[in-house]
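Remarks on the structure that follows.
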Amino acid sequence: MALFCHILYNNVRFAFGLLAILPIILLGGCAETVLIAHSAKKIREFNSSTDRKGYYKVGTPYKIKNVWYYPKVDYSYDETGIGSWYGPNFHQKLTANGEIFDQNALSAAHRTLPMPSVVRVTNLENGRALVVRINDRGPFAHGRIIDLSRRSAQLLGFKRQGTAKMRVEILPEETRQEIVKIKGEYVQKDRMMASNAPVPDAVPVTTVSVKSLAQVPGTSIQKIKQPLNSNKPQDRRLSGVQLTKASRASKVQYYKVKESHIFVQAAAFSTKDSANRLKNKLSNVGKTGVYQTVINGKVFYRVRIGPFSNNAPADEALSNLIENGFPGARIIISNKK
């Protein structure tokens with residue numbers, strides 16, 4: 022009995038001792054937990070801030086499906102073609118310049134413009150225009166000129182259909198302001214390499230072996246009209262586009278546009294003879310024409326196939342041209358047939 026009481030006394034004393042130091046242990050543990058949580062929060066905030074800002078990047082030449090792309094600074098950029106959108110599969114993932122992609126932001130991916138760049142994108146099918154920020158590379162389908170975020174596609178009115186005829190124009194002043202803001206963080210070292218990279222000229226006809234290409238559905242072989250003799254630039258800026266309402270400060274602007282048509286441009290030449298030779302070789306594909314234009318005081322002759330009724334035959338013709346030695350071929354949109 023005495024032994025039992027002794028053991029009981031020691032256990033009770035140990036229990037009271039444990040209760041006495043337990044608050045100290047708990048307080049120490051809480052303090053450590055708070056410290057860890059605080060540190061983790063700081064790390065998350067720092068990384069989030071860095072990732073969100075990203076860095077300025079032009080990039081070096083790269084190759085996708087046998088086609089080379091040459092990123093460069095181009096404050097005169099103004100192009101037409103087919104636009105698309107991307108979102109769910111890339112949401113919250115890193116963009117090509119280190120930002121976090123947000124499918125609900127007004128952003129886009131472009132193959133060659135520096136990141137960031139600011140562009141105005143106009144849906145030529147409904148007249149809606151929106152200013153977006155380029156912060157990613159893409160699209161990697163040859164027949165597309167820009168990949169917009171989901172929110173941008175919604176505002177431009179083509180999310181459901183997936184693609185639309187687009188015009189993309191760089192906004193020089195807004196782009197410079199974006200670059201000034203982001204350059205304080207980091208400037209990509211390969212910028213000069215990219216800006217000095219040689220841009221390929223149009224593929225000379227004499228060095229291209231053109232196979233007999235199958236006629237593309239949606240086009241018909243017709244007698245080729247005489248090349249246009251106008252010295253005015255064509256398609257550099259689509260004619261008939263007029264601002265009807267909304268100010269630059271609003272998100273979506275509305276323009277009135279004329280009917281537009283889809284073409285595939287095979288190449289452009291400085292001599293009419295070269296353009297005509299290529300036109301004759303491509304005539305079995307569909308209606309092919311030579312169109313004269315003037316860029317920076319120089320005359321060029323563009324060889325184009327079309328117009329096409331929709332994207333599908335144009336994509337097929339484009340792939341056919343690329344596979345047969347015309348890597349510079351592209352889809353363009355024009356008011357003129």
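The numbers in the working numbering rise by one with no breaks, and the one at position 151 of the sequence shown is 172. Don't be surprised by glycine CBs; every beta carbon is placed ideally from N, CA and C.
When the Cα atoms are used, K308 and N297 turn out to be separated by approximately 13 Å. Excluding the 5 residues flanking it on each side, K358 has same chain C-beta neighbours closer than 8 Å at H282 and P328, in chain order. The beta carbon of L151 lies closer than 7 Å to those of L127, V142, S173, L176, L177, K272 and V273 in the same chain, with the five residues before and after it left out.
In terms of Cβ geometry, T184 and I103 form a close pair [threshold 8 Å].
For the pair A333 and V285, the CB atoms are not nearer than the 8 Å cut-off. Only residues of its own chain outside the window of five on either side were considered, and among them L127, S128, A129, V140, V142, L169 and S173 have a CB closer than 7 Å to the CB of V153, listed in chain order. Rounded to whole angstroms, K204 and R197 show a C-alpha spacing of 10 Å. According to DSSP, residue pairing for T314 in a beta bridge involves F321. Ranked by Cα distance from V88, the first of S355, N356, L339 and I354 is L339. Per DSSP, V139 lies in no alpha helix (DSSP H); the unbroken beta strand (DSSP E) holding it starts and ends at S138 to N144. Non-local beta-carbon contacts of Q124 in its own chain, meaning distances under 6 Å to residues more than five positions away in sequence, involve G108, H112, S170 and R171 in chain order. Looking at S105, L134 and L145, the one whose alpha-carbon comes closest to that of N118 is L134. Rounded to the nearest angstrom, the gap between the Cα atoms of Q313 and F321 is 6 Å. Taking a contact as a CB-CB distance under 8 Å, the pair N110 and P137 does not count as one, their CB atoms being some 22 Å apart.
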